[in-house]
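**Student:**
Number of protein chains: 2
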Amino acid sequence: MNIGDVSTQTGLPAKTIRYYEDIGLVKPLRDDNGYRRFRSQDIHKLNFLGRARALGFTIEDCRTLMALYEDDTRASSDVKKVARAHLAQIEAKIADLNAMRDTLGHLIDACAGDDRPDCPILQDLGGKA
Amino acid sequence: MNIGDVSTQTGLPAKTIRYYEDIGLVKPLRDDNGYRRFRSQDIHKLNFLGRARALGFTIEDCRTLMALYEDDTRASSDVKKVARAHLAQIEAKIADLNAMRDTLGHLIDACAGDDRPDCPILQDLGGKA
DNA sequence: AATGAGGGTTCCAGTCACGGGAAGGTCAAG
DNA sequence: CTTGACCTTCCCGTGACTGGAACCCTCATT
């Protein structure tokens, strides 16, 4: 399979697939004309990567998870550890964003949003005064 | 005031302050020795920027908000529009992260986390099977 | 006078995970 | 034979900084 078809199949942009090869996450073969030839195992890997990325794992996490995936002697605790660390990051980010949303929401509610210059949003940013 | 003191006062790293000058957000004066000299208005601006950035506004949003802040003839609706667009972005991101958290949370709960290789997390990433 | 500490300066490279676009090779169809 | 759709590599840009090198300025101490 050529990269275009793989892109369609996996939903990953061709650029992304080439990038994943660059950083050693996939190793497709090459045809005589230089085109990448993807085997089913490559496509399987790419789907794995796509799902892991969709869950927000970093590329390095993906590398780790793939290694574990391909290691029959892995301990599920190792997988769980990676996942839990990532979950903690997600929850921290959610907390940050919730705080922003609350503050911003209040400010927006307090702002008249008309053609006058008075604006509690700018007042807050300017240091309340 | 030199950059070190400004950094302490505003809580912004000196590097960040120089960067903000680079991109034209602040324009401190210069002493004869080449050192930046910050006036109170510069510090005020930097505090404004710090707060806006803490609310997650992009640098470009900050530029817009600062311009509105300094424009006595602004309409608060313009400010509100920027803020609402940003709030929408935040909420979209929260939704994404919540979805990730839910999925990841379920997978983690389902994973034994012991020394055996069986792992629902990897099964899911591998395409359920 | 030399030295050292603790400021400051510029500039360059790296981050993360790609995306855009140029310049060029390959292939099947008309 | 040409067209158009593929494919290739290579390099630059993204956002908002951060780290580090190499160097200057000022003051205090030896």
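Going line by line, the protein sequences match chains A and B.
86 is the number that numbering that gives the first Met the number 0 gives to position 87 of the first sequence; each next residue is one higher, with no gaps.
64 is the number that numbering that gives the first Met the number 0 gives to position 65 of the second sequence; each next residue is one higher, with no gaps.
Glycine included, each C-beta is placed from N, C-alpha and C at the ideal position.
Because the structure is a prediction, the values reported are computed rather than measured.
Nearest to Asp113/B by CA position, among Ala98/A, Leu106/A, Ala74/A, Asn97/A, is which residue?
**Tutor:** For this step, residue 113/B is matched to residue 114 along the second sequence. Out of Ala98/A, Leu106/A, Ala74/A, Asn97/A, Ala74/A has the C-alpha closest to the C-alpha of Asp113/B.
**Student:** Take Arg52/B and list the residues in its own chain whose beta-carbon comes closer than 7 Å to its own, dropping the five residues that flank it on each side.
**Tutor:** For the purposes of this step, residue 52/B is taken as the residue at position 53 of the second sequence. Counting only Cβ-Cβ distances below 7 Å, and skipping sequence neighbours, we find Cys61.
**Student:** Could you give the DSSP three-state label for Arg115/A: helix, strand or coil?
**Tutor:** To locate residue 115/A, count along the first sequence from 1; it is residue 116. Three-state DSSP puts Arg115/A in coil, outside helix and strand.
**Student:** Expressed to the nearest angstrom, what Euclidean distance is found between the alpha-carbon atoms of Ile93/B and Leu96/A?
**Tutor:** To locate residue 93/B, count along the second sequence from 1; it is residue 94. To locate residue 96/A, count along the first sequence from 1; it is residue 97. Their Cα atoms are separated by approximately 7 Å.
**Student:** Taking Arg35/A as the reference, which of Asp117/A, Gln8/A, Met0/A, Leu24/A has the closest Cα?
**Tutor:** For this step, residue 35/A is matched to residue 36 along the first sequence. The candidate whose alpha carbon is nearest that of Arg35/A is Met0/A.
**Student:** Can you find a CB in chain A that lies within less than 8 Å of the CB of Leu155/B?
**Tutor:** This structure cannot settle anything about residue 155/B, because the visible part of chain B is limited to 0 through 128.
**Student:** Are the C-beta atoms of Glu90/B and some chain A residue less than 8 Å apart?
**Tutor:** Position 91 of the second sequence, counting from 1, holds the residue named residue 90/B. Interface criterion met: the Cβ of Glu90/B is under 8 Å from a Cβ in chain A.
**Student:** Within 10 Å of its beta-carbon, does Glu105/A have 16 or more other beta-carbons around it, so buried, or fewer, so exposed?
**Tutor:** Taking the first sequence and counting its residues from 1, one reaches residue 105/A at position 106. First, the residue type needs correcting, since residue 105/A is His and not Glu in the sequence shown. Flag for His105/A reads exposed.
**Student:** Shortest alpha-carbon distance to Arg100/A belongs to which of Glu90/B, Thr72/B, Val78/B, Leu124/B?
**Tutor:** In the first sequence, counting from the first residue as 1, residue 100/A sits at position 101. Among Glu90/B, Thr72/B, Val78/B, Leu124/B, the Cα nearest to that of Arg100/A belongs to Glu90/B.
**Student:** For Arg130/A, count neighbouring C-beta atoms within 10 Å of its own C-beta (all shown protein chains included) and say buried if the count is 16 or more, exposed if not.
**Tutor:** Look at the range of chain A in this structure, 0 to 128, and you will see that residue 130/A is not part of it.
**Student:** Cutting at 7 Å between CB atoms, please list the residues of its own chain near Leu48/B, excluding the five before and the five after it.
**Tutor:** Counted from its first residue, the second sequence places residue 48/B at position 49. So the list reads Tyr19, Leu24, Cys61, once near-sequence residues are dropped.
**Student:** Does the beta-carbon of Gly126/A have 16 or more other beta-carbons within 10 angstroms, so that it is buried, or is it exposed?
**Tutor:** Reading the first sequence from its first residue, position 127 is the one you call residue 126/A. Looking at its Cβ environment, which holds fewer than 16 other Cβ atoms inside 10 Å, Gly126/A is exposed.
**Student:** Closest Cβ-Cβ distance between Arg83/B and chain A: below 8 Å?
**Tutor:** As a working mapping, residue 83/B is identified with position 84 in the second sequence. Yes - at least one Cβ of chain A is within 8 Å of the one on Arg83/B.
**Student:** Between Ser6/A and chain B, is there a C-beta pair that is closer than 8 Å?
**Tutor:** Position 7 of the first sequence, counted from the start, is the residue given in the question as residue 6/A. No, its Cβ sits nowhere closer than 8 Å to a Cβ of chain B.
**Student:** Here's the rule I'm using: 16 or more other beta-carbon atoms within 10 Å means buried, otherwise exposed. How should Pro12/B be labelled?
**Tutor:** Counted from its first residue, the second sequence places residue 12/B at position 13. Flag for Pro12/B reads exposed.
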